[in-house]
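Enquirer: Those protein sequences? They're chains A and B, same order as listed. Here the numbering used here is used: the first residue of the first sequence is 1, the next is one more, and so on. Here the numbering used here is used: the first residue of the second sequence is 1001, the next is one more, and so on. Every residue, glycine too, gets a C-beta built ideally from N, C-alpha and C. Predicted, not measured: the structure shown is a model, and the values here were computed from it. Quick one: the structure is below, and I'll ask about it shortly.
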Amino acid sequence: MEAYDFGLRCQDVNSGLRNFDATSPTLSPLKQTRLVGMAADLAALVRETELISNMSALESVAAQELDIPPTSFDSVLGVLEEVGFVELTRTSRNQITGLTSEVPHYRNLYITLGECWRNRLPSQLEEELVCIVNRLASGPIPRETLGELGVDTSDVPRLLDLGTRTQLIQTVSGIDGAILYSPFTAFENPKVLSDLAEKHGNDQLLSEFDGLRRKQGLAVTPDRFPLLYDAVGRGLLLAPSVELPNGIVQAFATLPYTLDRGLLKGEKPILDKALAVVACIRCGEEFGGYSNLPSPVFAIDKLLREGVLAPHSSSARQYLLMRNKGVVAYGKDTMPWGSWIVPTLIDTADNRRALQIARDLITLGEPMVGRDSQGARELLASDARYVTPMKTVAKNRPRLAHQEPEYAKIMAAVMGWGAL
Amino acid sequence: MKSPDEKGRTKQSSRTSSGRASYVDESERDLPLKAQMRRLFWTMGCTTSLDVKLRAYITGEQRATGPQEFTDLDVLSIGFSPSGKPHLTLADCKTARARAVERMFWLRGVSEFFVADEAFMVRSNAVPAAARTLSTRLGVGVVDPDDLRSLAKTYHSPVDLEGPLRCLFDVDSIRRHMENMSGLDRKLDSLVDFVRFDYWVYEPFRNLTQVIAHLAEAAPALNPGHPRHLGVFFQTAWQYAFALARATYSIRTSRMAEIPIAVESYVAGGELALREKAQLGILLHKAGISVDPRSGILPPYVEQLTELVTRVINKPAETGEILRYAEFLATAVVVGESATVAAAFGSANVRPVAAKLLADVCGFLVTAAGLRPEFRAAARARLVADLTGGAETGALSMVGIAGRAPSPLVPSEQANPAQLILPPSDRE
Chain A
1 MEAYDFGLRC QDVNSGLRNF DATSPTLSPL KQTRLVGMAA DLAALVRETE
51 LISNMSALES VAAQELDIPP TSFDSVLGVL EEVGFVELTR TSRNQITGLT
101 SEVPHYRNLY ITLGECWRNR LPSQLEEELV CIVNRLASGP IPRETLGELG
151 VDTSDVPRLL DLGTRTQLIQ TVSGIDGAIL YSPFTAFENP KVLSDLAEKH
201 GNDQLLSEFD GLRRKQGLAV TPDRFPLLYD AVGRGLLLAP SVELPNGIVQ
251 AFATLPYTLD RGLLKGEKPI LDKALAVVAC IRCGEEFGGY SNLPSPVFAI
301 DKLLREGVLA PHSSSARQYL LMRNKGVVAY GKDTMPWGSW IVPTLIDTAD
351 NRRALQIARD LITLGEPMVG RDSQGARELL ASDARYVTPM KTVAKNRPRL
401 AHQEPEYAKI MAAVMGWGAL
Chain B
1001 MKSPDEKGRT KQSSRTSSGR ASYVDESERD LPLKAQMRRL FWTMGCTTSL
1051 DVKLRAYITG EQRATGPQEF TDLDVLSIGF SPSGKPHLTL ADCKTARARA
1101 VERMFWLRGV SEFFVADEAF MVRSNAVPAA ARTLSTRLGV GVVDPDDLRS
1151 LAKTYHSPVD LEGPLRCLFD VDSIRRHMEN MSGLDRKLDS LVDFVRFDYW
1201 VYEPFRNLTQ VIAHLAEAAP ALNPGHPRHL GVFFQTAWQY AFALARATYS
1251 IRTSRMAEIP IAVESYVAGG ELALREKAQL GILLHKAGIS VDPRSGILPP
1301 YVEQLTELVT RVINKPAETG EILRYAEFLA TAVVVGESAT VAAAFGSANV
1351 RPVAAKLLAD VCGFLVTAAG LRPEFRAAAR ARLVADLTGG AETGALSMVG
1401 IAGRAPSPLV PSEQANPAQL ILPPSDRE
């Protein structure tokens, strides 16, 4: 695991524990992880607000919306100050009176927080739990494979006890043993998992879910992905279908992993739309008819930016599911003699959100909604106009920060950013 | 401004360009007029710069290789359109009576050269009727003392210009600020020359890196405890904020949806230049010079710069105030005016977000140029300390700023989140 994963999963762990009694001694082994997770939530909250002078109000919002206990509030601020995400104003008696926000928009929040978490020397149990949570984000795993993740076998009972009591780990039991999965995974019917493991074997389970995680909107066929094909048939996985040029209806499997529980319940129609977008775009990428889509992300960006896609002879077939879900309408061909349809975005907030989720699923493997404290930010009456999703460039690994010193001056002069 | 008929004085001025001697004597007579125009522009909501000098580095002449001054602009005023486009206005302020008509033609040329949107010929005495006739045709405004008085009556500044801001319009204070660039440590010569001359003739994209490069060269000699050095620092902050304003306008109108890419492209000088540099990086790598083909072609602080640009671009309504605050601080620290920005601009008019963004600009300069961190602390003390409740200096309390700080009698759990920070005027 890298620093990015540590930071990201600290937020997941904290998110899973939000509804848990904060004073429970069960949580004491997870102190550092929760602190860093809360820091990620608070960073998202204050990012768009340049300066804050009413700290008691911020504390109230943090408690009400992010479940950050007032007793931990100063510690969480301390973490953000330590990593340079906020600058605190203090009185001579060291009382915090306000802050200015330095939370980055593009530099990676989670890498910085992940490094911070490691520097705080988390307990072995925390490291192991974060490692398991990270693995479960990729899909379900058999219990017996925990040792392969580097988890000390003697810690497994305690970890599973802690994980299941705090509901960070879900299990289904079968004849061949328990299958572990994440509560943030959008399984329709998790009980089927054990049947699938029994029928196809654990290795197949691991490899096919790994493939799905790597490519959301995977075109599943019985010969290439028998377990996933079976999982779709049994209703475990969400898999919208699109008709191919040869008339066959192809399922495109997805496994959303999201902290936004509302997306899995009350706002499920938005997730359905997002999955429809993924299916249609993947169809265009692999089964475009006359020509394939060169880049699925460009197509989504174009829809978000310009509201239309360039038409072609297969547009009506390819985007039918998006039209049926109310994401696009079929516009008339711009050529007077033409008969192609022009996929045109029905510009609503829900549709834009669905497109963004689809974009995250395709580029990052998981939607980022639920990580940016959106609801709480609105409470802050932020004056932001342009809100960049915190993680749209999340996988941008840090670039080489320093060049070899002996060449630094040469390079500055050559590239024109040294003094002229 | 100097025109060709003032050639002798121009030559004399260029000899003293390194900052070793006072350069303000020749424009001494015109200073009150410049102060009045600066005040007028401030009441219009603009930021200003006085005695902007334009020069170029001349090569190829046996005896004259080196910098040569073309001319200078008496007062440069900068405002911003709603889309953030800088609106530049020049004012040529003279007490001399002669050659008014010729000056108008000359001023037309200068404003073309500087790509100014407007130009005014300002005189301390009556101007010939022919000049007024030419005014519309040449697009150069004519302002005599009566015009100036009448103009001043039509604009009303919501900000009190007679309080701490008075230092911007007081002739003695202006003179002291101008002289601040003279007689400094020789180690600061390169920075001073850049601030006074080169900044104004470089292509705008270069200034995002050149300000930092010159500050970095001067870093060992810059002392944050020295008010004159602090004045130089805030002057560079003003210039950097203006360079940022130009960059954000370019990005807003060309590639708003992809700010990181747009910043890299702008800093490099355009898409083509970026590709050229990438190719150059590959060639250097092949030649044995270790260079990362992606990060090595851009300055090492480009990611922080992207963050800064994003913050500024997200708040288009604040750009003008950021510059005005920097302009105030650059003079205030030199003349001993100790008010914070919140105190100087008043509780009803200060824009906390603009103050914070200028603090971000200062912080970025300190980090990117390797300046002593006390510069950052000094900027924050003047800009955001009292706006975030640190009003122990007595400059301004938070109650005065937002008008709705929580009463100490109200339990914190009753605090209304919507009251958190900003006055409604800051919402866009």
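1) Using 10 angstroms around the beta-carbon of LYS1286 (chain B), count the other beta-carbons present and answer buried if the total reaches 16, otherwise exposed.
2) Between PRO1128 (chain B) and ALA1100 (chain B), is the Cβ-Cβ spacing less than 8 Å?
3) Once you ignore the five residues that flank LEU380 (chain A) on each side, which residues in its own chain have a CB closer than 6 Å to its CB?
4) So, with DSSP's three-state summary, where would you put SER1407 (chain B)?
5) On the DSSP bridge assignment, give the partners of ALA251 (chain A) in chain order.
6) Leaving out five residues on either side along the sequence, give the residues of the same chain with a beta carbon under 8 Å from the beta carbon of THR171 (chain A).
7) Going by beta carbon distance, what residues of the same chain come within less than 8 Å of GLU1258 (chain B), once the five residues before and after it are set aside?
8) Using a C-beta cutoff of 8 Å, does PRO1220 (chain B) count as contacting chain A?
9) Name the DSSP bridge partner or partners of LEU1050 (chain B)?
10) Less than 8 Å between the C-beta atoms of PHE1328 (chain B) and ALA1317 (chain B), yes or no?
11) Just the C-alpha distance for VAL1110 (chain B) and MET1178 (chain B), rounded to the nearest angstrom, thanks.
12) Counting contacts by CB-CB distance shorter than 8 Å, is HIS105 (chain A) in contact with chain B?
13) On a Cα-Cα basis, can you pick out the residue from A:ASN246, A:PRO245 and A:GLN250 that is closest to GLY233 (chain A)?
14) Straight-line CA distance for GLU1374 (chain B) to SER28 (chain A)?
15) Quick check: what's the CA-CA separation for VAL1195 (chain B) versus GLN1235 (chain B)?
16) Residues in the stretch 41-53 of chain A with C-beta within 9 Å of chain B's C-beta atoms, listed in sequence order?
17) For the stretch 300-333 of chain A, which residues have a beta carbon sitting closer than 9 Å to at least one beta carbon of chain B?
18) What residues of chain C sit near THR97 (chain A), judged by a beta carbon separation below 7 Å?
19) Exposed or buried, which one is PHE1169 (chain B) when buried takes at least 16 other CB atoms within 10 Å?
20) In three-state DSSP terms, what is ARG1055 (chain B)?
21) Please classify HIS1156 (chain B) as buried or exposed, where buried requires at least 16 neighbouring CB atoms within 10 angstroms.
22) Considering Cα atoms alone, identify which of B:VAL1335, B:ARG1372, B:LEU1323 and B:VAL1361 is closest to THR1047 (chain B).
23) Using the Cα positions of PRO1164 (chain B) and VAL1140 (chain B), report the straight-line distance between them to the nearest angstrom.
24) So which residues on chain A does ALA1245 (chain B) lean against when the C-beta distance must stay under 7 Å?
25) Can you pull the chain A residues whose beta carbon is under 7 Å from the beta carbon of VAL1384 (chain B), in chain order?
26) Name the chain A residues whose beta carbon is nearer than 9 Å to that of LEU1357 (chain B)?
27) Quick check on GLN170 (chain A): does DSSP put it in helix, strand or coil?
28) Tell me, please, whether the CB atom of ALA1287 (chain B) is closer than 8 Å to any CB atom in chain A?
29) Given this structure, state the Cα-to-Cα distance separating ALA1395 (chain B) from MET55 (chain A), to the nearest angstrom.
30) At which residues does the beta strand (DSSP E) containing GLU422 (chain A) begin and terminate?
31) Taking the alpha-carbon positions, what's the VAL36 (chain A) to ALA62 (chain A) distance?
32) Roughly how many angstroms lie between the CA atoms of VAL1052 (chain B) and ASP1072 (chain B), to the nearest whole one?
33) DSSP on GLU126 (chain A), reduced to helix/strand/coil?
34) Is the number of C-beta pairs between the stretch 6-18 of chain A and the stretch 120-131 of chain A that are closer than 8 Å three or more?
35) Can you say whether VAL1115 (chain B) is buried or exposed, counting buried as having 16 or more other CB atoms within 10 angstroms of its CB?
36) Under the three-state reduction of DSSP, which class applies to GLN1068 (chain B): helix, strand or coil?
Expert: The short version:
1) With fewer than 16 other Cβ atoms within 10 Å, it is exposed.
2) It is a contact, given that the beta carbons lie within the stated cut-off.
3) Reliability of the predicted coordinates at LEU380 (chain A) is poor, the pLDDT of 48 falling under 50, and the value obtained from them is presented with this limitation in mind. The residues are THR49.
4) With a pLDDT of only 29 at SER1407 (chain B), under the threshold of 50, the placement of this residue in the model should not be trusted; the figure read from the coordinates follows. Note: SER1407 (chain B) maps to coil in three-state DSSP.
5) A:SER241
6) ARG143, LEU160, THR164, ALA178, ILE179, LEU180 and TYR181
7) none
8) no
9) B:VAL1075
10) no
11) 22 Å
12) yes
13) Relative to GLY233 (chain A), the option among A:ASN246, A:PRO245 and A:GLN250 whose CA is nearest is A:GLN250.
14) 40 Å
15) 8 Å
16) In summary, the residues of the stretch 41-53 of chain A whose CB is separated from some CB of chain B by less than 9 Å are GLU48, THR49, GLU50, LEU51, ILE52 and SER53, in the order they occur in the chain.
17) ASP301, LEU304 and ARG305
18) Here the protein chains are A and B, and chain C is not one of them.
19) By the neighbour-count rule (16 or more Cβ atoms within 10 Å), PHE1169 (chain B) is buried.
20) strand
21) exposed
22) Taking the Cα of THR1047 (chain B) as reference, the smallest distance to any Cα among B:VAL1335, B:ARG1372, B:LEU1323 and B:VAL1361 is reached at B:LEU1323.
23) CA-to-CA, the gap between PRO1164 (chain B) and VAL1140 (chain B) works out to about 33 Å.
24) Neighbours of ALA1245 (chain B) on chain A: none; closest Cβ ~16 Å, over 7 Å.
25) LEU51 and THR100
26) GLU50
27) Judged by DSSP in its simplified three-state form, GLN170 (chain A) adopts strand.
28) no
29) Per-residue confidence for ALA1395 (chain B) stands at a pLDDT of 37, beneath the threshold of 50, marking its modelled position as unreliable; the derived number appears in the next sentence. Near 20 Å, if we compare the C-alpha coordinates of MET55 (chain A) and ALA1395 (chain B).
30) Absent from the structure is residue 422 (chain A), since the part of chain A shown begins at 1 and ends at 420.
31) 14 Å
32) 5 Å
33) helix
34) yes
35) exposed
36) Three-state DSSP puts GLN1068 (chain B) in a strand.
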